[in-house]
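Visitor: Taking the numbering used here, I'd label the letters of the sequence shown as residues 81 to 368.
Questions regarding the structure given below will be posed in turn.
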Amino acid sequence: MTSLGNILEKAIHRLSAVGCDTPRLDAEVLLAHNLGRERTWLYLHPSDSLDENQEKQFEELLHRREQREPVAYIIGHKEFFGLEFQVNPHVLIPRPDTELLVETAIKWSIINNQLSIVNRKFTIVDVGTGSGCIAVALAKHTPDLSIIAVDTSPEALRLARLNAEQHAVADRITFLSGDLLELLLEPVDLIVSNPPYVSQPELAAAMPEVSKYEPRLALDGGPDGLEVIRRLLSQAREKLARGGSLLVEIGSGQGQVVFQLAHSYFPKADIQIKQDLAGLDRLLVVQM
Ligand SMILES: C[S@@+](CC[C@H](N)C(=O)[O-])C[C@H]1O[C@@H](n2cnc3c(N)ncnc32)[C@H](O)[C@@H]1O
């Protein structure tokens, strides 16, 4: 019988051969998932073996990964902001890059609650909610916010609602199917969004994990990547309450152009581009 240690080594070799970026991590996650164990369990049981059924199932998982299907779609979940989210091919896989937006929104809510002289709930809208990772993380960390989550994809909204239910915050989030801010009846205090911002040439050149498997609707920002951001900024002028803010995730090469764009839509606002931990432009902040 082949030991888990040997099975892992062979799997790592196969994943490297097809160009996977993190073959060891992927092989360990898939094997641990197959066994219903934590990854650390594998390190403690290198001499164990798989039964026939487990071997067959692991081969299927490995084969999917060899086709460059993302691990998160294969195992069906992904961690974001310390919370587990279900994912499927209808939604973008949550990225660590997006945690900066959530952190900034949480700080915004703490500061605004402290400064507020009126005792009312602030309203926030998450535009393009996808798996619901931003809306749910905000609901978990900011008990005083009322949250609206919008997406054009009904499948994404279904999953976002499910994730909200699993984290027991579904009663705090209103889910809306619609185009950007169009369906908002009243101005909101904070608009947050991780919109599609990849340019079409970049998307064509992206890794197969992205270009073949993640939803185009979640990524495609048009020829220059800015189509959705432009429409969002334009609509936001009418949908942001006095003193409100807008946080939009952007691509690392878009800081300067998005700054100019935001300035043209909001000439009187305080506008900043924030960098992520890698020092790359990542977040547009507009404070009215
Ligand atoms: C980059 S994904 C972000 C998903 C999730 N918020 C996250 O951060 O992982 C963009 C999302 O916007 C949605 N979307 C695209 N165009 C939209 C539009 N015009 N109105 C509303 N949502 C849209 C897509 O369906 C997708 O779920």
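By construction, the Cβ of each residue, glycine as well, lies at the ideal position given by its N, Cα and C atoms.
These figures come from a predicted structure and were not determined experimentally.
1. Measure the CB-CB distance between E140 and F161 and report whether it falls below 8 Å.
2. Output needed for A342: all residues of its chain with C-beta closer than 7 Å, excluding positions within five of it in sequence on either side, in chain order.
3. What residues in its chain sit with their C-beta under 7 Å from that of R24, if we drop five residues either side in the sequence?
4. Check whether the stretch 292-303 touches the stretch 264-277, counting contact only when three or more Cβ pairs, one atom from each stretch, lie closer than 8 Å.
5. Can you list, in chain order, the residues of its chain with a C-beta nearer than 6 Å to that of G85? Leave out the 5 residues immediately preceding and following it.
6. A107: beta carbon under 7 Å from a heavy atom of ligand 1?
7. Between S226, L256, Y153, which lies nearest to G208 when the distance is taken from Cα to Cα?
8. Where does the unbroken alpha helix (DSSP H) through H113 begin, and where does it stop?
9. Under 8 Å by Cβ, that's how I've got I228 and V272 pegged, so tell me the actual separation to the nearest angstrom.
10. Ligand 1 and S226: does the residue's C-beta get closer than 7 Å to at least one heavy atom of that ligand?
11. Helix, strand or coil, according to DSSP, for I330 in the structure here?
12. Taking the runs of the beta strand (DSSP E) that are 3 residues or longer, which of them lie wholly in the stretch 200-245?
13. Could you tell me which uninterrupted alpha helix (DSSP H) segments, each at least 4 residues in length, are contained entirely in the stretch 271-350, listed from first to last along the chain?
14. Determine the burial state of V98: buried for a count of at least 16 other Cβ atoms within 10 Å of its Cβ, exposed for fewer.
Guide: So, from the listed chains and residues:
1. Taking 8 Å as the Cβ cut-off, E140 and F161 do not qualify as a contacting pair.
2. L313, I351, L364, V366, listed in sequence order.
3. In this structure the chain extends from 81 to 368, so residue 24 is not present and cannot be described.
4. Here the stretch 292-303 lies against the stretch 264-277, with 3 or more beta-carbon pairs under 8 Å apart.
5. Result list for G85: P126, in chain order.
6. Checking every heavy atom of ligand 1 against the Cβ of A107, none is found closer than 7 Å.
7. From the listed residues S226, L256, Y153, the smallest Cα separation to G208 is found for L256.
8. Residues 103-115.
9. Contact between I228 and V272 does not hold, since their C-beta atoms are separated by about 11 Å, which reaches or exceeds 8 Å.
10. Checking the Cβ of S226 against ligand 1 gives no.
11. Of the three classes helix, strand and coil, the one that applies to I330 here is coil, per DSSP.
12. Taking 3 residues as the minimum length, the beta strand (DSSP E) runs contained wholly in the stretch 200-245 are 202-207, 225-231, in order along the chain.
13. With a minimum length of 4 residues, the continuous alpha helix (DSSP H) runs that stay inside the stretch 271-350 are 280-284, 288-291, 296-299, 307-319, 335-345.
14. Around the beta-carbon of V98, fewer than 16 other beta-carbon atoms lie within 10 Å, marking it exposed.
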